[in-house]
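The next block holds one structure in the form of structure tokens; read it before the comments.
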Amino acid sequence: MEQHSGGVLERGADCHQDVISLENVSFSYQGQRQVIDGLNLTVKERDFVGLIGSNGAGKTTLMRIIVGLLKPDGGSVRLFGQPIAEFKDWNRVGYVPQKNSFNPLFPATVREVVMSGLYGRSKLFRRLTKADYQKGEDAMHAMGIEELSAKRIGQLSGGQQQRVFLARALINNPSLLILDEPTVGIDTETQESFFHMIKHMHQHHNITFLMVSHDLDMIRSYLGERPASEYGKLKFYLKHSHDLQDCVESDLTHSLRGLRQQMESRKEVVEVGNFR
Ligand SMILES: Nc1ncnc2c1ncn2[C@@H]1O[C@H](COP(=O)(O)OP(=O)(O)OP(=O)(O)O)[C@@H](O)[C@H]1O
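Numbered per UniProt numbering, the sequence shown spans residues 1 to 276.
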């Protein structure tokens, strides 16, 4: 992740793809003061970025800009290297917004809420296939909620509901997960198991995370004591699940391939020479 306003935060050579890039992004709600002004942010493949900031600092606004729900007044937003206006591959992005509380009479079941993640932004309801149902089962299994599948979402506890929303975000097997305060209102024990689960997903499933949280202890325990960068009241903490070894290896592979090609072309010259 790089984030800077004015000065550039130094970061070594890195072979990982840019997943989120914001350049000089500004935003204000109609007729109000600027919430975000000239923000630069780069989140790379397999980064885990934790965002901490006081109430009203602009965290949710920033998440909504990144997932295309708000259009910035200025600057550019790219996802996986593509300008957001042209980005179509929304299945690669899972987004869990700030907690919604459901009326206990809300008619959808857990399975229906999870399956609705397949429709993404198209809002086009298509006939679900056997493979789609299997994806739903897999996502519920990953979140440990398969036994709740027939219950109404409104009848679940806050922690169970969060698992449902995470399963909904996971159903398309995303490469980027954006979570906005996923553990608000959840008891400490469930928070711990939730964090354990997302750390596991980060370390073993190569998912890139951007997570807003008020839980400074959790953020520090996983992402380190100090923020990697700050922008106004927003503090960005960072951990990679990769290290530069990946890049060294990929450079090495690249060099070896180059060497092999050189040797092969020499061999051809020799063979051509022999032929003559
Ligand atoms: N729909 C809206 N219309 C007008 N102003 C808004 C709207 N949503 C948020 N704001 C204002 O924008 C600023 C940033 O709000 P935002 O929700 O992004 O903050 P936040 O950092 O996520 O806060 P919190 O920690 O309380 O969730 C606040 O001053 C808020 O009052």
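No residue lacks a Cβ here, since even glycine has one placed at the ideal position from N, Cα and C.
On a predicted model such as this, the values are computed, not experimentally measured, just so you know.
For residue i, the three-state DSSP class (helix, strand or coil)
{"i": "E86", "result": "coil"}
{"i": "R46", "result": "coil"}
{"i": "E230", "result": "strand"}
{"i": "I66", "result": "helix"}
{"i": "R152", "result": "strand"}
{"i": "H141", "result": "helix"}
{"i": "T183", "result": "coil"}
{"i": "Y237", "result": "strand"}
{"i": "I171", "result": "coil"}
{"i": "Q17", "result": "coil"}
{"i": "G31", "result": "coil"}
{"i": "N55", "result": "coil"}
{"i": "N274", "result": "Low local confidence applies: a pLDDT of 37 at N274 is under 50, so the model's placement there is unreliable, with the coordinate-based value given in what follows. Looking at N274 - three-state DSSP - the assignment turns out to be helix."}
{"i": "E225", "result": "coil"}
{"i": "L166", "result": "helix"}
Distance cut-off 8 Å: residue i Cβ against heavy atoms of ligand 1
{"i": "Y95", "result": "no"}
{"i": "residue 288", "result": "The displayed coordinates of the chain run from 1 to 276. Any statement about residue 288 would go beyond what the structure contains."}
{"i": "L216", "result": "no"}
{"i": "residue 283", "result": "Because the chain spans 1 through 276 in this model, residue 283 falls outside it and cannot be assessed."}
{"i": "L22", "result": "no"}
{"i": "K59", "result": "yes"}
{"i": "Q162", "result": "no"}
{"i": "L62", "result": "yes"}
Buried or exposed by the 16-neighbour rule on C-beta atoms within 10 Å, applied to residue i
{"i": "P174", "result": "buried"}
{"i": "K71", "result": "exposed"}
{"i": "K130", "result": "exposed"}
{"i": "G50", "result": "buried"}
{"i": "G53", "result": "buried"}
{"i": "K88", "result": "exposed"}
For residue i, the nearest candidate out of the options (CA to CA)
{"i": "D18", "options": "V25, F27, T190, L41", "result": "L41"}
{"i": "D37", "options": "G232, S241, L176, H214", "result": "G232"}
{"i": "Q161", "options": "S21, L176, T183", "result": "T183"}
{"i": "G31", "options": "L22, R46, D73", "result": "D73"}
{"i": "V25", "options": "E86, H16, L62", "result": "L62"}
{"i": "A150", "options": "A142, D180, V113", "result": "V113"}
{"i": "E137", "options": "R126, G117, V67, R127", "result": "G117"}
{"i": "I171", "options": "E189, Y133, R226", "result": "Y133"}
Segment limits, alpha helix (DSSP H) that includes residue i
{"i": "H196", "result": "188-204"}
Segment limits, beta strand (DSSP E) that includes residue i
{"i": "R78", "result": "74-79"}
{"i": "V208", "result": "With the sequence shown as reference, residue 208 is identified as Thr, and Val is not the correct amino acid for it. First-last of the beta strand (DSSP E) with T208: 208-212."}
Short CB-CB distance (under 9 Å) between residue i and chain D
{"i": "I20", "result": "No chain D appears in this structure, which consists of one protein chain only."}
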